[in-house]
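Enquirer: Can you keep this structure in mind? I'll have questions shortly.
Okay, structure coming up:
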């Protein structure tokens, strides 16, 4: 903290607690509590049970979790590949060219995601590229929505790179492709893993565009949460939501460990 007095630190921590608990922690804790309940008792969930989780980790919910993991993994890898390629290409352009590329990649996140879903639906519902009703259209929409974050993360990391490493490799006779694969990309690895984790988390929680695109046999877990709560199954939907949060956090922790190891290479 940038507070040097003891009283100032206590005040800062108190302010943090007052803002964090009611705005962030408390709603999540209520969802966790509701996932173990069967009914409401006043303003609090009651009737402790683990039956909600029995349904949340099997059948359609398990299939929806698998769908979300496959979609998020595919979208993250595609976004990372496209975003990294664009960031490396933009690094060789003048300032105006970089701004144009940045604007193109930021455009999908500058508009509501439901608009992106509608645009993808309209664009790929007729030949020659007919994706409507397939899992590919969901993966494509997620990729479009998260690529901007991969591109921005990698672009910021490229700016911070010390060009001396690449210059030293080139002076020793290394070809551009070798410099890219053995020097530049390894130096970018911590930022690449961080970007992948961010894209994965965003894809796992995407709902608005997905609602317009998903076919019946490719229902991601956020849609499952929405449909459960929309039908009045609040406690079952809360259990599915907790499974979604836990899975995303576990994947992010694994990515964080990879990023930490990459930082010390």
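Numbering (my numbering), first residue to last: 5 to 269.
Ideal Cβ placement from N, Cα and C applies to all residues, glycine included.
What's the C-alpha gap between residue 257 and residue 149?
Expert: Between residue 257 and residue 149, the C-alpha separation is close to 23 angstroms.
Enquirer: Is it the case that the Cβ atoms of residue 78 and residue 141 are separated by a distance below 8 angstroms?
Expert: Their beta carbons are not under 8 angstroms apart, which means residue 78 does not touch residue 141 by this criterion.
Enquirer: Report the rounded CA-to-CA distance for residue 195 versus residue 52, giving the unit in angstroms.
Expert: Residue 195 and residue 52: Cα-Cα distance of roughly 43 angstroms.
Enquirer: Would you identify the three-state DSSP class for residue 133, choosing helix, strand or coil?
Expert: The answer is strand: DSSP assigns residue 133 an E or B state.
Enquirer: What separation, rounded to the nearest whole angstrom, lies between the Cα atoms of residue 235 and residue 123?
Expert: Taking the straight line from one Cα to the other gives about 28 angstroms.
Enquirer: Could you tell me whether the stretch 200-216 touches the stretch 175-192, where touching means 3 or more Cβ pairs closer than 8 angstroms?
Expert: They do not touch, by the three-pair rule.
Enquirer: In terms of residues, what are the limits of the beta strand (DSSP E) holding residue 50?
Expert: Run containing residue 50: 48-50, per the beta strand (DSSP E) assignment.
Enquirer: Am I right that residue 239 and residue 80 are in contact with their C-beta atoms under 8 angstroms? What's the rounded C-beta distance?
Expert: Not quite, the Cβ-Cβ distance comes to about 31 angstroms (not below 8 angstroms), so this is no contact.
Enquirer: I want to know whether the stretch 97-117 touches the stretch 149-165 - three or more CB-CB distances under 8 angstroms.
Expert: The stretch 97-117 vs the stretch 149-165: in contact.
Enquirer: Compare the Cα-Cα distances from residue 65 to each of 230, 9, 166 and 262 and report the closest residue.
Expert: It is 230 whose Cα lies nearest to the Cα of residue 65.
Enquirer: Between which two residues does the alpha helix (DSSP H) containing residue 11 stretch?
Expert: Start and end: 10-24.
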